[in-house]
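Throughout the sequence shown, residue numbering follows my numbering, covering 1225 to 1475 in sequence.
Cβ atoms here follow ideal geometry from the backbone N, Cα and C, with glycine treated the same way.
Here is the structure we will look at.
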Amino acid sequence: MTDRAFVAGNWKMNGSLSDIDTFSNALTARAADISCGLAVCVPFVYVARLAERLKGSDIATGGQDVATEIEPGAFTGEVSGTMLADCGATFTVVGHSERRAMYGETDDIVVAKTRAAIACGIQPIVCVGETLEEREADTVETVLKRQLGAVLDGCSDEELGRIVLAYEPVWAIGTGRSATPEQAQEIHAFLRSQIAERSDTLSRSLSIVYGGSVKPDNAEAIFAGDDVDGALVGGASLKADSFADIARAMP
Ligand code: PEP
């Protein structure tokens, strides 16, 4: 296993305080033989509770978004990286396709959120990925170049060293239709080559994880790709046993 190995859960708008307690008890009990990095990204209101429950374990807590602003102020409904850190988070998802599609997050906003998270000591899990229409139109590399290019252009080398990149083809998220291991490896290698154009060292150290209908029964095959460093897991992260089984599949 490389240092890049990392599996994160994305609970989306799911869960309750009682689910956090049940899940954290079950996951910590199953974590002994998991050797990759592990994080669970939950709704903001549950971050403090999860971090408290995971204290003393090697499992990190994350949010699912972050404000572009760092300083306190009149930004109703927003949650800053400082607040996430205050609640015990060390990661946050940034630029998930659901936020890009439903809440109008542009590449520029994704860059601003990425930088704001890092400035607050939070590691952003930055999501990129094409829609089905874009895949069918054979524009996957163009789309990914644009999404990743914005992050590469907008961040310093030091900032880039703090990010985890998640390749999440939109057509595979929550659909039960995962990318094939070959498709995942091909795109991960492409993303790594784009990063290498900026810095060879960075391309070797940066974790690129795959997201899109990862389950215990397909994780091992997806993880076999040399450039696939782990997963961002949605639905299957809601249960500790399936999430732990996926993490255990990391070679
Ligand atoms: C996600 O929400 O980032 C995701 C990959 O979801 P799922 O695993 O359910 O496809």
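Judged by DSSP secondary structure, Gly1287 falls within the beta strand (DSSP E) whose first and last residues are Ile1283 to Gly1287.
Taking 6 Å as the cut-off, one finds at least one heavy atom of the ligand PEP near enough to the beta carbon of Asn1234.
In this structure, the C-beta of Ser1437 approaches the ligand PEP to less than 6 Å from one of its heavy atoms. Collapsing the DSSP output to three states places Pro1475 in coil.
Thr1399 counts as exposed, since fewer than 16 other C-beta atoms from the protein chains shown sit within 10 angstroms of its C-beta. Contiguous beta strand (DSSP E) elements confined to the stretch 1286-1327 occur at 1315-1318, taking only those with 3 or more residues. Set against 6 Å, the gap from the CB of Leu1456 to the closest heavy atom of the ligand PEP is smaller. Residue burial is scored here from C-beta neighbours: Val1269 has fewer than 16 other C-beta atoms within 10 angstroms and is therefore classed as exposed. Look at Asn1442 here: in three-state DSSP terms it is helix.
Beta-bridge partners assigned by DSSP to Tyr1391: Val1352 and Tyr1434. Inclusion of Gly1459 in the 6 Å shell around the ligand PEP follows from its C-beta lying nearer than that to a non-hydrogen atom of the ligand. Non-local C-beta neighbours of Ala1471 in its own chain, meaning closer than 7 Å and more than five positions away in sequence, comprise Val1231, Ile1258, Cys1260 and Leu1262, ordered along the chain. For a cut-off of 8 Å, the C-beta gap from Asp1453 to Ile1432 is around 5 Å, short enough to register as a contact. By the neighbour-count definition (other C-beta atoms within 10 Å, threshold 16), Pro1348 is a buried residue.
Secondary structure note for Leu1462: it is in no beta strand (DSSP E), with a DSSP letter that is neither H nor E. In this structure Ile1342 is in contact with Glu1383, their Cβ atoms being roughly 5 Å apart against a cut-off of 8 Å. If you ignore the 5 residues before and after Asp1245, its C-beta comes within less than 7 Å of the C-beta of Arg1277, all in its own chain and listed in chain order. Excluding its 5 nearest sequence neighbours in each direction, Phe1467 has C-beta neighbours in its own chain below 7 Å: Gly1233, Leu1251, Val1457, Ala1460 and Ser1461, listed in chain order. Ala1455 carries a strand assignment under DSSP once its states are collapsed to helix, strand and coil.
For Asn1249, the three-state secondary structure derived from DSSP is helix.
Residue pairing of Cys1265 in beta bridges, as defined by DSSP: Asn1234 and Gly1286.
With 16 or more neighbouring CB atoms inside 10 Å of its own CB, Leu1308 falls in the buried class.
Partner residues in the beta bridge of Gln1347, as assigned by DSSP, are Phe1315.
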